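> In the working numbering, the protein residues as written are 339 to 677. Ideal Cβ positions, reconstructed from N, Cα and C, are used throughout, including at glycine. Remember, it's a predicted structure, so these values are computed and weren't measured experimentally. Dropping the structure in here first, questions after.
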């Protein structure tokens, strides 16, 4: 993933019918643009016919490609720009900008659209989740000098809850070890996963992860971001293929957005305070039912603080939405003397 983000040449084309036809791929280049929080993909247009065909076609939502390191799927294309070689002193190109990249797969092996699992890893929130894959112990001499130190890594049982639409959400403790024998590095973050037995749109499985990310950010009073993830795509022979995932809304903090003051301090509330899995289900249901009322609370974490007048209008709109949704079922919402 890091090689692709730094910049990589390859062959790319919009995703059409499956299986993918590699003869439609065009030479190009992909790189991560930190200032935009987007992947930029430049593809070569070899003649005027290709320029006209590209301009007349709708902007694709997904691109596939092959780079020097691996195959990719870039989805969430926001816009496309076409440059013309009118004076013949430069090539014509089509430039795409996408939010999400899946790396480490063969585009030709994809048999049907959809994914079965999306996972992200957020370090520093073990206090919030109340689970950890690490167990540490040490011994010392009588005068207090360190004598031995040991660490054991073993993932505990997942916290799993069922969502609507045939989806399930899991909170688990992921761990992995890298580095040489004398310089081991252990990465043991909390892993959030949304799964489905049947293939679903990527964004259907990503949506609950966004909601839980915002809940964790409220607990730490700053936008927490994931540091890596995976996605299971449907491939041939009824099997799935796990690819590396980079998704801007989950893994990129906009400039000016408040970050947590410290991930080592105890959060304002924990998963235990919410009732474990039941609390996560309630939060997702509140978001889906009363999104307009919840949005003023979490938008300051995700997109920044608006001006004071806009902030007041957002809060007023949220209150109005909350009252309107309860007017038919509760007495307090029918009291017009307070309006």
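#1: Would residue 590 and residue 563 qualify as a contact pair, given that the criterion is a beta-carbon distance under 8 Å?
#2: What is the rounded straight-line gap between the Cα of residue 494 and the Cα of residue 616?
#3: When the Cα of residue 509 is compared with those of 416, 466, 653, which residue comes out closest?
#4: Give a yes or no on whether the C-beta atoms belonging to residue 485 and residue 473 are separated by under 8 Å.
#5: Since residue 392 is in the alpha helix (DSSP H), which residue starts that stretch and which ends it?
#6: Please identify the residue among 401, 344, 669 whose C-alpha is closest to the C-alpha of residue 364.
#7: Any heavy atom of the ligand SAH closer than 7 Å to the Cβ of residue 431?
#8: How would you call residue 524, buried or exposed, if buried means at least 16 neighbouring beta carbons within 10 angstroms?
#9: According to the Cβ coordinates, are residue 368 and residue 351 closer than 8 Å?
#10: Over the uninterrupted alpha helix (DSSP H) stretch that includes residue 348, give me the two end residues.
#11: In this structure, what does DSSP give as the bridge partners for residue 440?
#12: Give the straight-line distance between the Cα atoms of residue 558 and residue 377, rounded to the nearest whole angstrom.
#13: Could you pull the DSSP bridge partners for residue 523 from this structure?
#14: In three-state DSSP terms, what is residue 602?
#15: Taking the alpha carbon of residue 355 as the reference point, which residue from 398, 535, 598, 388 has its own alpha carbon closest?
#16: Tell me the residue span of the alpha helix (DSSP H) that contains residue 558.
#17: Cβ atoms of residue 449 and residue 593: under 8 Å apart, would you say?
#18: Looking at the structure shown, is residue 502 part of a helix, part of a strand, or coil, going by DSSP?
#19: Label residue 394 either buried or exposed according to how many other C-beta atoms from any shown protein chain fall within 10 Å of its C-beta, with 16 as the threshold for buried.
#20: Taking the alpha carbon of residue 372 as the reference point, which residue from 384, 445, 340 has its own alpha carbon closest?
#21: Does the structure place the segment 444-458 close enough to the segment 600-612 that three or more beta carbon pairs sit under 8 Å?
#22: Helix, strand or coil for residue 447 per DSSP?
#23: Return the Cβ separation of residue 437 and residue 587 in integer angstroms, given the expectation that the two are a contact with Cβ distance under 8 Å.
#24: Would residue 544 and residue 456 qualify as a contact pair, given that the criterion is a beta-carbon distance under 8 Å?
#25: If you draw a straight line from the alpha carbon of residue 440 to that of residue 580, how long is it in whole angstroms?
#26: Measure from the alpha carbon of residue 428 to the alpha carbon of each residue in 382, 522, 547, 621, then state which is nearest.
#27: Using only the alpha-carbon positions, how far apart do residue 656 and residue 459 sit?
#28: My guess is that residue 596 and residue 561 are in contact by the Cβ rule of under 8 Å, so how many angstroms apart are they, rounded?
#29: In whole angstroms, what separates the C-alpha of residue 511 from that of residue 419?
Reading off the structure:
#1: yes
#2: 19 Å
#3: 466
#4: no
#5: 386-394
#6: 401
#7: By its list of ligands, the structure shown contains no ligand whatsoever, and the ligand SAH lies outside what it can speak to.
#8: exposed
#9: no
#10: Not the alpha helix (DSSP H): residue 348 falls in the beta strand (DSSP E), residues 346-352.
#11: 411, 583
#12: 29 Å
#13: 516
#14: coil
#15: 398
#16: 540-558
#17: no
#18: coil
#19: exposed
#20: 340
#21: no
#22: helix
#23: 7 Å
#24: yes
#25: 9 Å
#26: 382
#27: 31 Å
#28: 6 Å
#29: 42 Å
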